[in-house]
Structure formats: C-alpha cells, structure tokens
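S.K.: I have a structure here, written as structure tokens, and I will follow up with some questions on it.
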Amino acid sequence: MSQELLNKIKEQLDAAIPGAVEHAEMPYDFITFTIKQDKVHEVLSFLKNDAELNFHFLTDLTGMQTADEKHLGVIYHLHNMIKNYRIRIKTFFSMDKPEIPTAIDLWPGANWMERETFDFYGIKFKGHPNLKRILNVDEMDIFPMRKEYPLEDQSRDDKSDKMFGR
Amino acid sequence: MAKKENISTGALNNEVEEKEYSTLNLGPTHPATHGIFQNILKMDGEIIHEATPTVGYIHRAFEKLAERRPYNQITPLTDRMNYCSSPINNLGWHMTVEKLCGITLPKRAQYMRVILMELARISDHLICNSVIGVDTGAMTGFLYIFQWREKIYDIYEDICGARLTTNIGRIGGFEKEWPETTWKKIQSFVDNYPKALQEFANLLERNKIFMDRTINCGPISAAMALNYSFTGPNLRAAGVDYDVRVATPYSSYEDFKFDIPVGISGDTYDRFMVRQHEMWQSLEIIKQAMKNMPKDEPVRADVPDIFLPPKEEVYNNMEALIYHFKIVMGEMDVPKGEVYHAVEGGNGELGFYLISDGGRTPFRLHFRRPCFIYYQAYPEMIKGSMLSDAIITMSSMNVIAGELDA
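Quick note, the sequences are listed as chains D and E, same order. Residue numbering for the first sequence follows this note's numbering, starting at 473 and increasing by one per position. Residue numbering for the second sequence follows this note's numbering, starting at 37 and increasing by one per position.
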C-alpha cells in the first residue's frame, strides 16, 4: 500500500511543482522525498493544503549534516492524522549558504524547532521572526552539532573503528 | 524594569493614556514551576500581558553525546529526558534500534514491555495530576497518592535495580525473567491502586473549588493545538483523539482493548480529567496483559550479536565470549538506514529519528520531545490570564525540564 501511496504522491508533486522531487525512496516503510532547496516551501505548502493529501500536522523538524561535511540538511516529518499517513521531506544544501524559507507560516509550531535547528547547525530560516539560540547560551559562536566540532579529545584513538577492522 | 507604552483607550475619548507594565521574573528556580524554567512576564497588574520563556537551563547535549556512544550506551541518556516515566523512553529507544535491525520480540517480552510502559504512564500522570492539586491548594491528594508512585518504583527496582533513571531492559528484550515477587507486586498494585485512585478522584474531580479554579483556565482549541504540534494528553484534552498506541501500534498494543479519553475545551480541567481517565485505562491494559501473558516463552529475541549472552556461556563457550567482548566494547553490527519510531510517552508522541551509517554509533539521532514542542504555545495560552492561572496551566501541561532541554 505504501509503495502505491508513494507513487501517487510523487505523481501529484511532479504535476503540481515540476522538478521539485530529486529522489523518492521508502526506507523502513516510511515515504521519503528529497526535495530541491528552492522548492521546499512550495512542496510543504502543497502537501499541507492539498485536500486529499492533507498533511496537516508537523511531527518533527530537524537538521543534519551529510557525511562529506559539505552539506547541511533539514528534515521534516509530516503526518496526516485522519488517514494515518506519514511522510518525510528532506532537503540538502551547501554549507556556504545554509538558507531555507521558514515553515512558521504553515505551522506555528515550527518556531522553536527551527530555532533549535539553527542553534545546533546554523541553518538560517528566512522569514523567522525570532531566529536566535534556544538551548545553548547566546554567546556561543559555533554550531555544536556539526561534525567539525568533535565531542571529545581527538588524540584518543581507543574508540575508533579501525581497532575492529572497519 | 518598567517600560512605558502608549495605548489608546478607545475611540470615544481620544485621550492617550500612558500605561506602564511591570516586569516579573518567574523562575528560573521557582517552587511553583516544578523544574528550571524562566519566564519573563510583562504584567499589567495581576494580568499577564506578555510572556517570554527562556529554556535550556539543563541542556546536556544528548544528541551530540549519542553520536559518540554505542547503541547500548544511549539508553541511560534517554531515561534522563522524561524522568517521570523513564521506562517509556528506554523501551522506545530499544524499539527504535530493533526496528533498524529488524528484530521481532516474542509476545511475552512485548507484553512485559506493555506492562512496564503502562506503569510508567500511571506514575507520570499521577505526579502531574497530584501536582495540579498542590498548585490549586489541595495538598491532601498529593500526600495520599504519592505513596503509589513509590510502589511503582519498587517494581522498577525489582526488575532493573534502579528507581528513577531506570535503564530498563535491553535492546532485544529483557535480560532475565522477572522474579516471582515482581509479578506479585504488580498484581497487588493492580488490585489496590483503584481504591486509592478513586479516593483521589473523589477529592478533586467534582470538587467545587477545584473545578472553579481549573475550568476555563489556560484553554487551547483543537486547531491551535494541532498547529502547535501538540500530542498526548494535551492534544486529547482539546478534543483530538490521536494516540500513537492506536494510530501506529507498537509492542503488540493492537492486542489490547482500551479507550482513548478526550476532552472538549482543552483547559486545565480537561487535561486533568484526560490524565485521570488514562490512568484507569492503563490499569485495564495491565490487567489484560497479565491475563493474556504467554507462558513458557523467552523474554528476549534470539539475537546473540546484540544481546549479552548468559555468564555461564561466556565462561565456557568461545562464541559467547566473543559476542560478550564485542557487545561490551560497543561493537554492534547494525545496517545502514534511517528510521523514525514513535511511542506514546507520558506527554505525547516521543519520537526517535535515527540515521545509521553502519558504524558503532548513530550517525545522527534526534529525539522528538513532546514537551519542547508544545511548551512554545505557553505564552499564547497564558496571555491575558492571571498569574496564578499561568502557574496551574504550566503544571497541567506537564512540562518536564529534562525532556524539554534534552
């Protein structure tokens, strides 16, 4: 069923916003779309306002950094509670210009989630009314969840994967 | 520090009156906020004009820590989030890793998990509801009901040795069969708790003072609650019957028959009542689980590379020794992939978003913490209300500092 739903949503997205979907997959039965950075707000707005799809609930919004440490990403989890469909929207962009439109106009609840994402990854949400740090101190000048800021002393190698032949 | 603002007092008389707001610092450590929250309130007399919450006082960087820890060692981080119902967090995390690795537990282990999670839900709701009572001036209910939380903690202690930060269970099941005394304790809890809960209900549920105090205090509409991504009892109090246990059943919740209580107006009284009824439903679930508990089944899945082998095998068997060493050193072979798993925590949908690159630690782990998400609606909910109403609105939302700040 999920695969059919994925194809259906993909068709609808392709028809409504051509060229937005970069990749569609379904890891662990969870419909996942990778969307172009400049189209992401359009896609979210379409998914929310389309009468049939009706992804009216923002479950989660978070950021990530890709393994090559050159790109940042934002991940949205949306939920249609009535039909119990869930969908994951991902978008990736270069670390030189980590900017993405805010989703507060669609879901007021995105406010703090975006602030948290900004706090940890430095992703700027354009149009956010109060984009400042939320969990860390205001004076902090790094974005601590980025992989370039290691958690502990890097001279230690007793925990590295190479000890186990990886 | 008072700030001056010009406010027009109406169209009839075109006078412009100078209005002064006084600023009040509620928190960070205030006995009525039950946790470390700061709210800078702009007060017009006793009425709150504006609130600016500051959070993060006990932020411990769990998501960053998790990127450096093997999967087994992340469990103790999770129980420091919502420490009023830590088993739900622990087991939710175990289920996430099991989903990633494709492990299915025997029914017996799943039912045991259900019992634990429902006990945790009772202890969570029990604290929240009795504290609402305390904040409205009814100390008695709190004093009577609180010993039952101790009884739940005794059950945890029997199972895992800890009371508050439980680290209960393992990825792949339970480390051992629960002792006979534990089952007796659970049975005795199920038999005797209803009487105490009824007594507590009699004290507050139809109490005129309590009702006058809580009805229409801090209400939120269903549409607003959905827009602010509310989940759990707070969303159900507003009238939306969304419960993860029913919408996306996990750990065999589909085998149980229970009701989802919903409120109407989403005010403090409705939130209180939803939690009250959920405690009754949790008791029902525990009863069903005890009754239908499959016998003679193992309490863990057969996954030697993830689950610590028994000690006698470690000492006598080469393979078990290798597995023991690998697991203790945090070497688990997990597949690549990304998985989102949600459980119904004490406060709402507790989600784990895990990205694995196949290494010994998660590549990225995000906790969807219901408190953090719904606390942002607090300024809007208390705007225009009295200061004392703001206090009970906060306690009825059950904001847990550990979960909020993670």
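We put the beta carbon where it would ideally sit given N, CA and C, even for glycine. Nothing here was measured: the structure is a model prediction, and the numbers come from that model.
Does D/Gly594 come within less than 8 Å of chain E when only Cβ atoms are used?
M.R.: no
S.K.: Between D/Thr504 and E/Asn238, what straight-line distance do the alpha-carbon atoms span, to the nearest angstrom?
M.R.: 49 Å
S.K.: Give me the residue from E/Met260, E/Pro334, E/Tyr229, E/Lys244 with the minimum Cα distance to E/Gln317.
M.R.: E/Tyr229
S.K.: Quick one: list the residues of chain D neighbouring E/Asn243, beta-carbon separation under 7 Å, in chain order.
M.R.: Here the premise fails: no neighbours, minimum Cβ distance about 34 Å.
S.K.: Would you call the CB atoms of E/Pro371 and E/Tyr359 closer than 8 Å?
M.R.: no
S.K.: Can you say whether E/Thr59 is buried or exposed, counting buried as having 16 or more other CB atoms within 10 angstroms of its CB?
M.R.: E/Thr59 is exposed by the Cβ-count criterion.
S.K.: Give the straight-line distance between the Cα atoms of D/Val493 and E/Asp115, rounded to the nearest whole angstrom.
M.R.: Computed Cα separation, rounded: 38 Å.
S.K.: Going by the beta-carbon positions, is the gap between D/Gln537 and D/Lys619 smaller than 8 Å?
M.R.: Yes, these two residues count as a Cβ contact at 8 Å.
S.K.: For D/Asn583, decide whether its Cβ has a neighbour in chain B, counting only Cβ atoms nearer than 8 Å.
M.R.: Among the protein chains in the structure shown, which are D and E, there is no chain B.
S.K.: Give me whichever residues DSSP pairs with D/Phe529 in a beta bridge.
M.R.: D/His551
S.K.: Using alpha carbons as the reference points, say which of D/Arg558, D/Ala539, D/Trp579, D/Arg587 lies closest to D/Phe564.
M.R.: D/Ala539
S.K.: Using only alpha-carbon positions, find the residue among E/Val133, E/Ala68, E/Gly71, E/Met117 that is nearest to E/Phe343.
M.R.: E/Val133
S.K.: For the candidate residues E/Ser287, E/Asn434, E/Asp306, whose alpha-carbon lies nearest to that of E/Ala378?
M.R.: E/Ser287
S.K.: Apply the 10 Å Cβ neighbour rule to E/Gly169 and answer buried if 16 or more other Cβ atoms are within range, or exposed otherwise.
M.R.: So E/Gly169 counts as buried.
S.K.: Can the beta-carbon of D/Leu478 be found less than 8 Å from the beta-carbon of D/Tyr557?
M.R.: no
S.K.: From the DSSP output, in three-state form, read off E/Gln109 for me.
M.R.: helix
S.K.: Check the C-beta distance from D/Ile547 over to D/Thr534 and give it rounded, since I have them as a contact under 8 Å.
M.R.: 5 Å
S.K.: Taking only beta carbons into account, state which residues of the segment 333-349 of chain E come closer than 7 Å to chain D, listed in chain order.
M.R.: none
S.K.: Does D/Pro570 have its Cβ less than 8 Å from a Cβ in chain E?
M.R.: no
S.K.: Taking only beta-carbon atoms, is E/Gly381 less than 8 Å away from chain D?
M.R.: no
S.K.: Please report the Cβ distance between E/Phe236 and E/Arg336, rounded to the nearest whole angstrom; I am assuming they are in contact, meaning their Cβ atoms lie under 8 Å.
M.R.: About 37 Å separates the two Cβ atoms, so there is no contact after all.
S.K.: Tell me, to the nearest whole angstrom, how far the beta carbon of E/Cys120 is from that of E/Asp160; I am working on the premise that it is less than 8 Å.
M.R.: With 8 Å as the limit, E/Cys120 and E/Asp160 qualify as a contact, their Cβ atoms being about 4 Å apart.
S.K.: Given this structure, state the Cα-to-Cα distance separating D/Leu578 from E/Gly384, to the nearest angstrom.
M.R.: 21 Å
S.K.: What does E/Phe408 touch in chain D if you count any residue whose Cβ is under 7 Å from its own?
M.R.: Under the 7 Å cutoff, chain D gives Trp584.
S.K.: Between D/Thr531 and chain E, is any beta-carbon pair separated by less than 8 Å?
M.R.: The C-beta of D/Thr531 comes closer than 8 Å to at least one C-beta of chain E.
S.K.: I want to see whether chain E comes within less than 8 Å of D/Asn642, judged by CB atoms only; does it?
M.R.: For chain D, the structure presents residues 473 to 638; residue 642 of chain D sits outside this window and is missing.
S.K.: Apply the 10 Å Cβ neighbour rule to E/Gly91 and answer buried if 16 or more other Cβ atoms are within range, or exposed otherwise.
M.R.: Here residue 91 of chain E is Val; the residue named in the question, Gly, does not match the sequence. Classified as buried, E/Val91 has 16 or more neighbouring CB atoms from the shown chains inside 10 Å of its CB.
S.K.: So the candidates are D/Glu586, D/Phe592, D/Gly594, D/Ile614; which of them puts its Cα closest to the Cα of D/Pro601?
M.R.: D/Glu586
S.K.: Leaving out five residues before and five after D/Gly599 in sequence, what residues of the same chain have Cβ atoms less than 8 Å from its Cβ?
M.R.: Pro573, Thr574, Ile576, Asp577
S.K.: Just to make sure I have the definition right: I need the residues of chain D whose C-beta is within less than 8 Å of the C-beta of E/Ala389. Which are they?
M.R.: Checking the sequence, you will find Tyr at residue 389 of chain E rather than Ala. Neighbours of E/Tyr389 on chain D, chain order: Asp532, Thr534, Ile547, His549.
S.K.: Pop quiz: D/Ile481 and D/Leu525 are said to be a contact at Cβ under 8 Å. What is the actual Cβ separation, rounded to whole angstroms?
M.R.: D/Ile481 to D/Leu525, Cβ: 7 Å. Contact.
S.K.: Just to confirm, are E/Ala413 and E/Tyr264 a CB contact at a threshold of 8 Å?
M.R.: yes
S.K.: So, does the CB of D/Phe505 fall closer than 8 Å to a CB anywhere in chain E?
M.R.: Judged by the 8 Å Cβ criterion, D/Phe505 is not in contact with chain E.
S.K.: So with CB distances below 7 Å, who are the chain E contacts of D/Pro580?
M.R.: Below the 7 Å Cβ cutoff, chain E contributes Asn263, Tyr264 as neighbours of D/Pro580, in chain order.
S.K.: Once the 5 residues before and after E/Tyr2 are set aside, which same chain residues still bring their CB inside 6 Å of it?
M.R.: Absent from the model: residue 2 of chain E. The displayed extent of chain E is 37 to 442, so no value can be given.
S.K.: Quick check: is the beta carbon of E/Ala283 nearer than 8 Å to any beta carbon in chain D?
M.R.: yes
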